[in-house]
Each structure stands twice: as C-alpha cells, then as structure tokens.
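Engineer: Numbering-wise (the numbering used here), the sequence shown opens with residue 1336 and increments by one.
Shown below is the structure under consideration.
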Amino acid sequence: PLFADAEMLGTPDPELAATMGFSGFGKKARTFDLEAMFEQTRRTAVERSRKVLEAREREKEDQTEKEFRIPCTGSSVSASSATRPGSTLTEREAMCSESKDDSNEALSDPSMQSQSSAKGPAEDTDDEDEDDDEGEFIGPPLPPGFKDSDDDNDDDTEEEDDNPVKKIPDSHEITLQHGTKTVSALGLDPSGARLISGGYDYDVKFWDFAGMDASLQAFRSLQPCECHQIKSLQYSSTGDVILVVSGNSQAKVLDRDGFPVMECIKGDQYIVDMTNTKGHTAMLNSGCWHPKIKEEFLTCSNDGTVRTWDVNNEKKHKSVFKPRSVQGKRVIPTTCTYSRDGKLIAAGCQDGSIQIWDRNMSVHTKFHCRQAHASGTDTSCLTFSYDGTVLASRGGDDTLKIWDIRQFKKPLNSAEGLPSFFPMTDCCFSPDDKILVTGTSVKKGGGSGKLFFFYRETLQKLYEIEVTDASVVRCLWHPKLNQIMVGTGNGLAKVYYDPVKSQRGAKLCVVKTKRKERQAETLTQDYIITPHALPMFREPRQRSTRKQLEKDRLDPMKSHKPEPPVAGAGRGGRVGTHGVTLSSYIVKNIALDKTDDSNPREAILRHAKEAEENPYWVAPAYAKTQPKTVFAEVEPEDDETDKPEWKKRKI
C-alpha cells in the first residue's frame, strides 16, 4: 500500500515544486527484490567456500613441512573448520538453502530484510578471518635464524630490565647559562613545563621549555631576596606557587610568574625560647613543600629550629621542632624534608645526627640516629624513596648512606669518597626507585665534577657522567619527563635526556630554530604621538614597521653610518681630536700645567720686574699720584713661647 500511494502521487509541475521547495516529491519510490538479494548472497557464499576448499587442498600438499605450520589459536569455529575441511561448505550450503526456502516469508515480513542484511556482512567477516588465517600458512619457509619483531621487542625489554644503565637518559644534553656563579637551587614544576634556577649571584631565572627556542634563553630573571644567596627553590605539589629559601631569615612564596604571594615573619632574636617567637631569627638553611597539603611548607634555620608554615598565615608559624644533641643542647639543622606521605619530618644536623619527628608531635623524636655522619659536618641532603621505606642522606663527610627508618641504628649501605664542598649538594632517586644519584665537588683546576649513579640495594657504582670542569651541586630526576637536571659550580644548568625514553621537556625547545635578530630596528626613530598638534606639525602615523624600515634603509641620510673620530692630525676637511684648534691646545696645556702656586704673594711678585719695566695696566694710572709702588713688608713670625697662654693661637 505504501508503494501504491507513492505511485498515485504522480509527478507534480517542476516549476511549482521548485518554487515551493518540494522538488523531492517528483522522485518515484524505490522497490527492492528480496529474492534477487538472497540469490546474490548465496552465490557469493558458494564462491568463497570454493576458494577455501582450494586453499585446504594446497595445505594438504604442503603437510610434509610440518615445522613451518603455525597452530591456529582463533575461535572455536575456526578450530573446527581447521580439523574438518568439508564442514565449511556444508554449513554454507545449509545456510543458503534455508535462506532460499524462507524467501517467500521475507516478502510478507519487512523485518527479515534488516536481519538478512546484518547476517550477510557477518558471514563475510568470518570468511575474511578464515582467509587471513589461511594466509599465515602460505609462503616460503622461514630462514633458520629468523625471529619475529615482537620477539625482538620482548628481548630488548628484558635486556633493559636486566641492565639499568640503559634506563639512564644521558644520550643528549642541553646547557642553560644561568650566570657565572654557583647554581645552588633547581626546581621543576610537577608537570615538567617550567624550570627555575637560583644561584650565589642572588638571581632566580625562569625557563619555559615549551616557549624557548634553540637559543635557550630564560624568559624572566629577578632577585626576590635582594642580596642574599638562593639556597632552595621548589614548586608546590600543584605547581602554582614557588618556595624560595635564601640566606636571610624569612622564606618567601612566589607565584608561577615570580610575583610575591607571602613572606614569613621574622622572629624576635632577644627571646631565648625559640618556641615563643613567631618566626626564624637566623639564616635559613633549607626548605620544602608538604607532598599532600598544598598550603604547608617546612623550613630550618641556624636558630636551631625546624618550623612548618601555612601560606595563608604569614604572621606566625604552625609548629616548631627543636633538634637536640645527646646532652640536650641546641643543635643547628642543615637540611630538612617531608616523607612521601607527609606524616614524618626529618632533619640532618651539624652534630652528624638525623632526627625524625611525627608531623603532629613536635616534642620528642620518633626516630633518631646520633652518629649518622661525622660530627661537625653539614649533612647537605635527606630524601625518602618513592616507596617511603628508605631514607638517603648525603653527608659533608664525603659519604652517601641509605637507611631503613624501621632499623635506624646503622645504615643499610654506604658509599665513600664523594667530595662535597657545598652545604646543598643533592641526592635523589630514579623514577623506578632502583637507582640513587648524587654529584661530587672538585677544586678549581682539580678535574671534572661528576654525576654518580648507584644501585639502591647495594650502593655499588653503576654509572658516572662527567658534567663539567666544576663542582656538581644540584641534581633532579623528574619522574614524568624522565630527564635529569644538574646545577654546577660555574653557573650552568644542564639537562640530560634521551629522545626515545624522555618525554617533552628539553625535547620541545631543541627542535625550534633561533629567532632572527632584527638589525635594522636601530635605524628607525621613535614615533611621537601628538594628538592636539596642528595638522601641519603632526607626524604621519606608521602603518607598518617593516615598510618603514625598508624606506629608512633607502634613505641615505638615515642609513648613513657615523664616521669614526679622526686620530692624530685632521684630514679630509675634518679636524683632529686634539692639538689642532686653539681651544684644544689651551685645554691640553692647562691640564699639563703642574705649577704650585701655594704662596699667592710670591706668584704675583714673580711678575713685578716685568711690570715695572713695561707698565701697561695699573702703573700708568698711578704715575703722578703714587710714583713709587709700596708693598707691605714681610714681618717675621713672632715666637709665641714668650706670650701668655691666653694670647697663644689655638690650633
């Protein structure tokens, strides 16, 4: 009935249909012949079954080479077809006969059309899968030493797991020029997009890997703490603020662009009990952020305290931890850190001890080792492993030790002979927690500073990198970038990376070409805007800087290079620099005149004889009234010894 109604509509007037927008009504309804469709499907199935049978026969002929046959691991349907070659044809013929018998029912039921159309592609897919499976059996025999590419990748992965040296990303490097003095602080944000560096030159520089080109220039430089050396820089766990610890007693917090957010308050140095002061009273040594709470950070100072702070409260610290020696006396903490879960606070002290507190209990230590390092040396770094069970300490006694905090009496392992001349020499764990990294210091002209890699379990030396001819102070191994940042004693910040193993970071900036410097900009004059000037005095507005530069280049006056000054005597119509004109001659002789006119009377009387013989100015005027010049006689200085005390000249 639907088809009949469509035919009864007829063909309307084309002009009327185009005008009314119903031009689609002029097409006739499309009819479908289901019997023809089923017949075409049956023929396709029979033809494909015949191809499968031919492939099976070729397979039987090649059964003598059994070592080159790959067992089929597909579905149960393909497995049964592999064991019974004739079963495929039987199933296809039965399916086709069923579809042929049901063709009359399909004409009366439109829903059968969609089922059959969905059934057809499924059958084709099965056939194609079988053909693909058969294709794996066909071909010349493989050579004896052949290995699949997947097998090679698996072998490479196993080899990398066995050899941790291959995990170290040191195949390439870039050098960032921070300055000329020691780079004493490095910090990377959690995403690895920005690097900050601070040094003994009081500067903090910001490096954006995505924004830098191959010239490797910092996009911002500032001195947040005036004339104080930068000791520590660290991004918070969210990467929105930066903790700056310098040589003064007040830590600062900056935002991502270097603008101040807060500054800790300074304590009262006249109060003996450091618990009752609101802040530090002496130079800071180190600081770090809480790994979980983004508003909390930690600082330690020469006043003998470790304090926690809240970014939102700069007027007072949150809590105070006071490390003590064996005798109960105050001892100075040189480094401090949080555990990975933020529940423990560890501090390395000048008496060689490492003391660990529960973050919520500031009175007594939870763990402590009194003789962790040599007494009187500065423990420069403490860091927890990613699993939180192992603590690594870098001592001023040229050692690197790892500790199990559950058995804190003696170290698990120790490495010696690692010179450290700086109070902030770093150590850090690799992202997989299997390697420990630290740098060594050298004296000027005493060789190259090196970066050493140790096995975490045994502290055996695994690898070393010669960085530069100066000390290696700071080192960072970022877990997301898989790149190693190194700060050196000669003002360099180096980034080691691998193009395959590393992600983003330094890989973004090395591929960008340097921007061309525009040399002609110095030729243009500044455009002065005078909105209220008369039209005749207004300068024409510059439409394009580039066009103006091209015009100025063609102008002989504007593009004329100033001639250098003439040395010696003048030439070519130009006057020499000095000695030619009268004024330059007089100035030169005045500068060379070294006559000492300390006594003005004698200086005048030197010319008395010449003035008497040739009077010109004063003598002719007084020739009649004062024919003889009278000068005051020099009186000998009286001896003041005979005078009374009150008449003597007071000096």
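C-beta: ideal position from N, C-alpha, C; glycine also.
Treat the numbers as computed from the prediction; the structure is a model and nothing was measured.
Ends of the alpha helix (DSSP H) at T1760?
Structural biologist: Note, T1760: premise wrong, no alpha helix (DSSP H); not H, not E.
Engineer: So what does A1736 bridge to, in DSSP terms?
Structural biologist: Sequence inspection shows Lys at residue 1736; the Ala mentioned does not correspond to that position. Note: K1736 sits in a beta bridge opposite S1728, S1749.
Engineer: Would you kindly report the start and end of the unbroken alpha helix (DSSP H) that includes A1954?
Structural biologist: Taken as a continuous stretch (DSSP letters only), A1954 belongs to no alpha helix (DSSP H), as it is neither H nor E.
Engineer: Answer yes or no: do E1947 and A1954 have a C-beta to C-beta separation smaller than 9 Å?
Structural biologist: Yes, the pair counts as a contact, with Cβ atoms nearer than the cut-off.
Engineer: Pop quiz: G1522 and L1568 are said to be a contact at Cβ under 8 Å. What is the actual Cβ separation, rounded to whole angstroms?
Structural biologist: Going by Cβ atoms, the distance from G1522 to L1568 rounds to 4 Å, so yes, they are a contact pair.
Engineer: For the segment 1748-1765 against the segment 1808-1819, do three or more pairs of beta-carbon atoms, one drawn from each stretch, fall closer than 8 Å, so that the two count as touching?
Structural biologist: Short answer: they touch.
Engineer: Span of the alpha helix (DSSP H) holding D1713?
Structural biologist: D1713 -> no alpha helix (DSSP H), and no H or E assigned at all.
Engineer: Who are the Cβ neighbours of M1618 in its own chain at under 8 Å, not counting the five residues just before and after it?
Structural biologist: Same-chain partners within the cutoff: G1582, N1583, S1584, S1636, N1637.
Engineer: Which full runs of the beta strand (DSSP E) of 3+ residues lie inside the segment 1773-1834, going along the chain?
Structural biologist: Qualifying beta strand (DSSP E) stretches, in chain order: 1784-1790, 1796-1803, 1807-1813, 1818-1823, 1827-1832.
Engineer: Using a Cβ-Cβ cut-off of 6 Å (strictly less than) and excluding sequence neighbours within five positions of L1530, which residues of its own chain qualify?
Structural biologist: So the list reads L1523, W1542, once near-sequence residues are dropped.
Engineer: Can you name the start and end residues of the alpha helix (DSSP H) that P1935 belongs to?
Structural biologist: Per DSSP, P1935 belongs to the alpha helix (DSSP H) from 1935-1940.
Engineer: Say whether the segment 1830-1847 touches the segment 1503-1513, bearing in mind that this needs 3 or more beta-carbon pairs closer than 8 Å, one atom from each stretch.
Structural biologist: They touch, by the three-pair rule.
Engineer: With a 10 Å radius around its C-beta and 16 neighbouring C-beta atoms as the bar for buried, classify T1848 as buried or exposed.
Structural biologist: Exposed is the call here.
Engineer: What residue range does the beta strand (DSSP E) around Q1987 cover?
Structural biologist: A query on residue 1987 cannot be resolved here, the shown segment of the chain reaching from 1336 to 1986 and no further.
Engineer: Only counting the same chain, and skipping five residues up and downstream in sequence, which positions put a Cβ closer than 7 Å to that of T1803?
Structural biologist: These residues qualify, in order along the chain: S1783, G1784, T1823, N1825, L1827.
Engineer: So, with DSSP's three-state summary, where would you put E1631?
Structural biologist: Strand.
Engineer: Out of P1626, R1385, K1613, K1893, point me to the one whose CA is closest to G1574's CA.
Structural biologist: Out of P1626, R1385, K1613, K1893, P1626 has the C-alpha closest to the C-alpha of G1574.
Engineer: Which stretch, first to last residue, makes up the beta strand (DSSP E) that contains V1655?
Structural biologist: Residues 1654-1656.
Engineer: State yes or no: is the C-beta of I1600 within less than 9 Å of the C-beta of L1679?
Structural biologist: Cβ atoms of I1600 and L1679: not closer than 9 Å.
Engineer: Keeping to the same chain, check which residues put their C-beta closer than 8 Å to that of Q1558; ignore five residues upstream and five downstream.
Structural biologist: Counting only Cβ-Cβ distances below 8 Å, and skipping sequence neighbours, we find Y1537, D1538, V1539.
Engineer: Could you round the C-beta distance between D1841 and F1789 to whole angstroms and report it? I think they count as a contact, below 8 Å.
Structural biologist: Correcting the residue identity first, residue 1841 is Ala in this sequence and not Asp. Not a contact, Cβ separation roughly 24 Å.
Engineer: To the nearest angstrom, how far is the alpha carbon of R1385 from that of V1846?
Structural biologist: Straight-line Cα distance between these residues: approximately 57 Å.
Engineer: Looking at the structure shown, is F1373 part of a helix, part of a strand, or coil, going by DSSP?
Structural biologist: Residue state, collapsed to three classes: helix.
Engineer: Distance, Cα to Cα, F1632 vs S1654?
Structural biologist: Taking the straight line joining both Cα atoms gives about 11 Å.
Engineer: With distances taken Cα to Cα, identify the nearest neighbour of R1675 among I1577, P1668, Q1706, L1726.
Structural biologist: Per the Cα distances, L1726.
Engineer: Which of the three DSSP states, helix, strand or coil, is assigned to M1547?
Structural biologist: Correct three-state label for M1547: coil.
Engineer: Pull up the distance between the alpha-carbon of A1390 and that of D1397, whole angstroms please.
Structural biologist: Taking the straight line from one Cα to the other gives about 11 Å.
Engineer: Please give the ranges of any beta strand (DSSP E) in the segment 1571-1620, keeping only runs that are unbroken, at least 3 residues long and fully inside the region.
Structural biologist: Listed in chain order, the complete beta strand (DSSP E) runs (minimum 3 residues) inside the segment 1571-1620 are 1576-1581, 1587-1590, 1595-1598.
Engineer: Taking all protein chains shown into account, decide if Y1605 is buried (16 or more other Cβ within 10 angstroms of its Cβ) or exposed.
Structural biologist: Exposed: under 16 other Cβ atoms inside 10 Å.
Engineer: In angstroms, rounded to a whole number, what distance separates the CA positions of T1616 and L1589?
Structural biologist: Approximately 21 Å, taken between the alpha carbons.
Engineer: How many Å lie between A1943 and S1919 at the Cα?
Structural biologist: If you take the alpha carbons of A1943 and S1919, they lie about 30 Å apart.
Engineer: Do you know how far the Cα of A1586 is from the Cα of L1578?
Structural biologist: Going from the Cα of L1578 to the Cα of A1586 covers about 7 Å.
Engineer: Under the DSSP definition of a beta bridge, which residues are partnered with C1671?
Structural biologist: In the DSSP output, where bridge partners are listed per residue, C1671 has A1682.
Engineer: Just the C-alpha distance for G1752 and F1743, rounded to the nearest angstrom, thanks.
Structural biologist: One C-alpha to the other measures close to 23 Å.
Engineer: Excluding the 5 residues preceding and the 5 following F1554 in the sequence, name in chain order all residues of the same chain whose CB lies nearer than 8 Å to its CB.
Structural biologist: So the list reads F1541, W1542, D1543, G1546, M1547, once near-sequence residues are dropped.
Engineer: Can you tell me which of the three DSSP states R1391 falls into?
Structural biologist: Note: R1391 maps to helix in three-state DSSP.
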